[in-house]
DNA sequence: GACCAGGCACATC
DNA sequence: GATGTGCATGGT
């Protein structure tokens, strides 16, 4: 298992190189992006983020004050704009309240507690929480998404019905808990997924991992 | 035109 | 506890 996980990473990294995740200017932008990208193509998310930037609204305070309906209109391109505007609002309340109370933004806390707190926010599930922890707050947690599951399952590393934490454990128990490694690994899996492991028309036989499938 | 995308909450059985 | 459904735009 350990060997195979390392082999996969090595192969992906040598083929695709560093992915430079998460593309954003600020920690806050990463967190907003994590919510906007739920079940959504990143290019659609970028348009929404750009719209917020153009209006100079991409800050906790500005978004906190912005009426939900206006926010919904601005993030339309990211899809699910009604639910996502609600989710952003619930996250902003969490974020802004803490910030306002001068509790040093979720730092210095035990990682498990922090994750549990994020999960109490409506609209933040395991993947969104872990994306925030890893890419915005530099905590060593592995992010699992639909591609990760699909790829692990195809390589026989998990059962098809494995849940989020089972997938996550595979990585966290077998790799060094390193922020840079986890960030790059997840990004590479997404890259591989997009290019070779779509639901329809997967390109297994020309996938960079094809040759190590049974290694 | 169908299918999918860097999920999540909620209803129903 | 498992399984199904709504949410919605834009690219392939």
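Residue numbers (our numbering): 116 to 330. All residues carry an ideal CB built from backbone N, CA and C; glycine is no exception.
> If you run the structure through DSSP and keep just helix, strand and coil, what is residue 259?
Replying inline: coil
> Just the Cα atoms here: how many angstroms apart are residue 314 and residue 268?
Replying inline: 13 Å
>> residue 167 and residue 173 - do their beta-carbons sit closer together than 7 Å?
In response: In contact: residue 173 and residue 167 (Cβ atoms closer than 7 Å).
> What is the DSSP secondary structure of residue 243, counted as helix, strand or coil?
Replying inline: helix
>> One question on the structure: do residue 202 and residue 238 come within less than 7 Å of each other, judged by their Cβ atoms?
In response: For residue 202 and residue 238, yes; Cβs fall inside 7 Å.
> For residue 317, is the classification buried or exposed, using 16 other Cβ atoms within 10 angstroms of its Cβ as the cut-off for buried?
Replying inline: exposed
> At which residues does the alpha helix (DSSP H) containing residue 155 begin and terminate?
Replying inline: Run containing residue 155: none; DSSP gives neither H nor E here.
> Terminal residues of the continuous alpha helix (DSSP H) containing residue 192?
Replying inline: Per DSSP, residue 192 lies in no alpha helix (DSSP H) segment and is marked neither H nor E.
> What's the C-alpha gap between residue 169 and residue 234?
Replying inline: A direct Cα-Cα distance of roughly 30 Å separates residue 169 from residue 234.
>> Please state the DSSP three-state secondary structure of residue 274.
In response: coil
> Can you give the beta carbon distance from residue 190 to residue 163, rounded, assuming they're within the 8 Å contact cut?
Replying inline: 4 Å
>> Assuming residue 273 and residue 304 are in contact, meaning their beta carbons sit under 8 Å apart, how far apart are those beta carbons, in whole angstroms?
In response: The Cβ separation is near 13 Å, so there is no contact.
>> Let me check understanding here. Comparing Cα to Cα, which of 156, 117, 148 and 141 lies closest to residue 308?
In response: 156
>> Counting C-beta neighbours from all protein chains within 10 Å, is the total for residue 298 16 or more, i.e. buried, or is it exposed?
In response: buried
> Is it right to say residue 116 is buried, meaning 16 or more other beta carbons lie within 10 angstroms of its own, or is it exposed?
Replying inline: exposed
> Which stretch, first to last residue, makes up the alpha helix (DSSP H) that contains residue 310?
Replying inline: Residue 310 -> alpha helix (DSSP H) spans 294-311.
> What residue from 278, 132 and 176 has the CA that sits closest to residue 260's CA?
Replying inline: 278
> Rounded to whole angstroms, how far is the Cβ of residue 137 from the Cβ of residue 145, which I believe are closer than 8 Å?
Replying inline: 5 Å
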